[in-house]
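Here's the structure, in structure tokens; my notes come after.
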Amino acid sequence: MELTENIRKYWDLRSRGFSESVIYEISTGESEKTLELLESMGVAAGDSILDVGCGPGYFALALARSRVHVTGIDFSEDMIEKARTNASKYNSDARFVVMDAQKMSFPDDTFDHVVSRNVLWNLTRPEDAYSEIFRVLKPGGSAGILDGNFYLMDKETSGHHTHDQDCHSRFNRGEVDFSIIERLAKDLPLSSVERPAWDVSVLGKMHECSSVEVRFLKHSDDGCSPPSSFAIIARKVMR
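Our numbering puts the first residue of the sequence shown at 2, with every later residue one more than the last.
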């Protein structure tokens with residue numbers, strides 16, 4: 002519980018700078034790559050979408066003109082506040098709720114799609130988050146998970162960590178000490194496993210998951226978009 006609370010406090014501190022980085026991505030067209038992924042998931046006008054770990058509202062802003070209904074949840078109250086402010090500026094009708102991704106309060110079979118971007122790596126119970134994602138998905142719905150091996154420090158993944166630091170240093174408001182999350186990450190379960198192999202293994206054991214597709218992604222050209230090294234598209238079985 003203490004680890005989770007310390008992570009929440011860190012992202013509260015990061016909320017202003019992180020919000021600016023998201024606005025930058027949207028304004029420079031970086032979100033077009035994400036929209037392509039959502040299109041491949043079958044997202045269509047009128048669909049309901051849950052953004053797990055929404056931060057300052059990236060998906061709501063990227064989808065502001067797409068006529069979909071976005072609900073964002075985040076454990077950080079400051080991130081939710083930024084998301085609401087940003088959505089208002091972009092004329093998005095998305096709604097945002099403070100909620101734990103590992104224990105959601107939504108009823109079963111609520112959303113057509115669930116998305117998450119650079120979130121699972123910093124959860125204390127990521128397997129529970131996957132279970133919750135599939136619980137709230139409607140039968141036949143899809144989940145799009147973008148993430149990376151951010152704090153798995155070996156020769157192959159250390160470049161991702163450096164890239165991430167360079168990116169966020171450009172939008173570090175309040176002189177937030179990045180070493181805080183580095184220390185916290187050492188105690189997180191996904192800092193010691195290779196992904197997306199771990200994700201595929203977990204999803205493969207879930208009886209409600211009918212298919213899993215993995216795509217490996219490239220960093221943005223300007224070096225600012227966070228290095229989500231992979232995307233997972235998984236579907237829930239029809240009933």
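Just so you know, even glycine gets a beta-carbon here, dropped at the ideal spot from N, CA and C.
Bear in mind that the values here come from a model prediction, so they are computed numbers and not experimental data.
Candidates Asp148, Leu51, Val99 and Trp122: closest to Val71 by CA position: Leu51
Beta-carbon proximity list for Ala98, same chain, < 6 Å, skipping 5 on both sides: A small fix is needed here, since residue 98 is Val in this sequence, not Ala. Closer than 6 Å at Cβ, skipping near neighbours: Ile74.
Residue burial classification, Pro140 (beta-carbon count within 10 angstroms, cutoff 16): exposed
Endpoints, the alpha helix (DSSP H) within which Leu4 is located: Glu3 to Ser28
Pairwise C-alpha distance: Asp178 and Val115: 31 Å
The alpha helix (DSSP H) enclosing Arg236, as first and last residue numbers: That residue, Arg236, is in no alpha helix (DSSP H); its beta strand (DSSP E) goes Phe231 to Lys237.
Three-state class that DSSP yields for Thr35 in the structure shown: helix
Reduced DSSP secondary structure (H/G/I, E/B, other) of Arg240: coil
Cβ pair Ala186, Tyr152 closer than 8 Å: yes
Asn254 versus Met207, Met42 and Asp200, residue with shortest Cα-Cα distance: This structure cannot settle anything about residue 254, because the visible part of the chain is limited to 2 through 240.
Stretch pair the region 32-52 + the region 101-120: three plus CB contacts closer than 8 Å: yes
Spatial distance of Glu209 from Arg136 (CA atoms): 8 Å
Those runs of the alpha helix (DSSP H) which lie wholly inside the region 36-77 and span at least 4 residues: 59-63
Coarse secondary structure for Pro108, derived from DSSP in three states: coil
Same chain, Cβ closer than 7 Å to Tyr91, five either side skipped, listed in chain order: Leu62 and Ala65
Contact check, Val23 vs Gly56, beta carbons under 8 Å: yes
Contact under 8 Å by Cβ, Leu121 with Ile146: yes
For Pro197, the three-state DSSP class (helix, strand or coil): coil
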